[in-house]
Amino acid sequence: MAIEDGYFLARALDGVDLRDLRRIKAGCEIYEEQRVDYVNHNMEFARFLGKMFHAVPRALAQIRDLIFDHTPILRRFLGDGYLKKAEQETLNLKELQVAP
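Residues in the sequence shown are numbered from 37 upward in steps of one, following the numbering used here.
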């Protein structure tokens with residue numbers, strides 16, 4: 037995500053005179069508007085996964101692992117919670133797309 041943030045920050049500051057603090061602030065506000073929802077979603081999702089995988093009692097963890105290992109639930113969960121948003125974010129970067 038740091039590379040993505042760097043890309044969006046560079047895009048927001050493209051052509052900005054770095055001696056002009058008002059324009060830097062305006063560029064940072066553009067960057068924040070573009071990234072805050074996406075980053076907050078990923079942070080909340082990562083926190084949830086951390087609790088799910090690191091704060092569950094052993095007996096429940098064994099049941100969780102059995103379910104995740106033998107059903108498509110984890111794949112769907114990751115797809116809906118993270119991968120779908122990441123793919124949409126990437127597809128919205130029209131300047132990176134190559135015409136066939």
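The C-beta atom is built at its ideal place from N, Cα and C for all residues, glycine as well.
Just so it is clear, the structure is predicted and the values come from calculations on it, not from any experiment.
Leaving aside the five residues that flank His77 on each side, the residues in its chain whose CB is nearer than 7 Å to its CB run, in chain order, Lys121. Counting C-beta pairs closer than 8 Å gives three or more between the stretch 63 to 70 and the stretch 43 to 53, which meets the contact rule.
Remark: C-beta atoms of Leu96 and Phe104 do not approach each other more closely than 8 Å. When the Cα atoms are used, Arg71 and Ile39 turn out to be separated by approximately 12 Å. Distance from Asp50 to Arg59 at the Cβ level is roughly 11 Å; contact not present, criterion being Cβ atoms closer than 8 Å.
By a beta-carbon distance limit of 8 Å, Val92 contacts Arg100. Their separation comes to about 6 Å. Leu85 has its alpha-carbon roughly 10 Å from the corresponding atom of Met79. If you draw a straight line from the Cα of Met37 to the Cα of Gly117, it comes to about 15 Å. Residue state for Gly51 is assigned as coil, using DSSP reduced to three classes. A distance below 8 Å separates the beta carbons of Glu125 and Tyr74.
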